[in-house]
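Here's the structure we're looking at; comments come further down.
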Amino acid sequence: MKFLIFACICGTVCTTAIADLEDDHDPTTSQKLIAALMRKRGPDIVRPKRNAGEPVNVRFKMELYQVIELNERQQYVSVSAWVIERWYDEFLFWDPAKYDNITEVKMHHSHIWIPDTTLYNTLVMKDDDQRRLLYAKVSTEYEKRRSYVEFLYPAIYKFHCRLYLQFFPFDSQECHMLFGSWTSDNHDIDYHSLENSVGTTNFLPSEGWSLMGTAGIRTEVHYVCCPNNYTLMDFTLFLRRRPLFYLVNLVIPTFIITLIAITGFFTTSSTTGVREEKISLCITTLLSMSILMLMVSDQMPSTSTFIPLISWFYMCAIIIISVGALAASFVIR
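This is the structure we're talking about:
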């Protein structure tokens, strides 16, 4: 009798444990919904339009977070940004009443169609690190038989920017960022801007540059290889250099050194007739000027298109000091 009771208790416990395990492995409503959408959607390379002749209208927006680096010598800019892309998918919709009134889910970018948006003037094509974070927010519009897809992701862009340093260190720069589809023309993907500028709500000011403004326009470009035009989003960053560092460390010391050299040249000779001190002063100031000029040349690109005004300033100072040294040598002779 005791054995029979023990067997009944063990059977009840085992049945309960198995039922709990089955409950733990039952998919949630969200999981069932995502699985159904993936079966319904099909391959992620298929454009989300039932009519193949209509383009997918992608609304594009960029929020600028920080200007990380502006390299004058290699002519590139590195920025941190937040990108937002929105479009309608005519295959990813569902009836919320069948899924506990769920109207929004998050899906990994590899499970849905996304535009192949590319920064055309980028210097780095690898984006594996940022794509690990990419999830799209899908909101159903069951009555219209479509879903609204919002794709948000962070990015660090390193892109080419032609810098004009003629007025260095009082220069201002315009850097363009060209976004568009790499493989699809505007008959397949058509870009439109959510705003006519780059968002700067959460912008972190840079130590070396001030952001004076931004602009964004939509352009169409025709390539010889292709019959149709390509749509590009052209975002412009207007940057102005903060010159205080260069004034304190380059311009003002050079002015003081040049002033000392000129003052030393016009001072009267010593009563003993020793005038070699003037030549020594000129040589010392020339050496100081050479060191400062090397510091400036490290900042400048190797180009013959223009000569920065600060280079003319150093050249004039060196000429004045050199003429003073030659005159002092002539007087000694």
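With mature numbering (1 follows the signal peptide of the UniProt record, and there is no 0) as the guide, the letters of the sequence shown map in order to residues -19 to -1, 1 to 314. For each residue, glycine too, the CB sits at the ideal point set by N, CA and C.
Nearest to residue 46 by C-alpha distance, out of 184, 286, 213 and 121, is 184.
For residue 70, the uninterrupted beta strand (DSSP E) run begins and ends at 57 to 70, by DSSP. Between residue 158 and residue 142, the alpha-carbon positions lie close to 9 Å from each other. In the structure shown, the three-state DSSP call for residue 222 is strand. Following the DSSP letters along the chain, one finds residue 198 inside the beta strand (DSSP E) bounded by residues 190 to 202. Of the other Cβ atoms in all chains shown, fewer than 16 fall within 10 Å of the Cβ of residue 85; this residue is therefore exposed. Within the same chain, 267 and 270 come within 7 Å of residue 299 by CB-CB distance, once the 5 residues on both sides are set aside.
Cα atoms of residue 144 and residue 160: separation of roughly 20 Å, rounded to the nearest angstrom.
With a 10 Å radius around the Cβ and a threshold of 16 neighbouring Cβ atoms, residue 236 comes out exposed. Per DSSP, the unbroken beta strand (DSSP E) holding residue 171 starts and ends at 170 to 174.
Rounded to the nearest whole angstrom, the CA to CA distance from residue 207 to residue 152 is 39 Å.
Under the DSSP assignment, residue 156 falls in the beta strand (DSSP E) whose first and last residues are 153 to 162. For residue 47, the enclosing beta strand (DSSP E) starts and ends at 37 to 52. Distance from the CA atom of residue 222 to the CA atom of residue 148, rounded to whole angstroms, is 10 Å.
For a cut-off of 8 Å, the C-beta gap from residue 140 to residue 100 is around 6 Å, short enough to register as a contact. Pairwise C-beta distances place the segment 73 to 83 out of contact with the segment 56 to 65, as fewer than three of them are shorter than 8 Å. Annotation: the continuous beta strand (DSSP E) that includes residue 133 extends over 127 to 141.
By the C-beta criterion, the segment 204 to 220 is judged to be in contact with the segment 166 to 177, since at least 3 inter-stretch pairs fall below 8 Å.
The closest CA to that of residue 182, considering only 190, 194, 188 and 189, is found on 194. The beta-bridge partner set that DSSP reports for residue 100 consists of 160.
Burial is judged here by how many other beta carbons sit within 10 angstroms of a residue's own beta carbon; residue 20 has fewer than 16 and is exposed. By the C-beta criterion, the segment 115 to 134 is judged not to be in contact with the segment 195 to 204, since fewer than 3 inter-stretch pairs fall below 8 Å. Between the alpha carbons of residue 209 and residue 203 lies a gap of roughly 7 Å. Inclusion of residue 121 and residue 75 in the CB contact set at 8 Å is warranted, their separation being smaller than that value. The Cβ atoms of residue 289 and residue 146 sit closer than 8 Å to each other.
Straight-line spacing of the CA atoms in residue 295 and residue 232 works out to 9 Å.
Nearest C-alpha to residue 241 among 274, 61, 305 and 229: 305. Every alpha helix (DSSP H) stretch that sits fully inside the segment 259 to 314 and reaches 4 residues is listed by chain position as 290 to 313. Residue pairing by DSSP puts residue 215 in a beta bridge opposite 159 and 198.
Cα atoms of residue 12 and residue 32: separation of roughly 29 Å, rounded to the nearest angstrom. Of 166, 156 and 98, the smallest CA-CA separation from residue 136 is found for 98. Put simply, the backbone Cα of residue 176 is about 11 Å away from that of residue 199. By the Cβ neighbour-count rule, residue 70 is buried, with 16 or more other Cβ atoms within 10 Å of its own.
At a Cβ-Cβ threshold of 8 Å, residue 220 and residue 179 do not count as neighbours.
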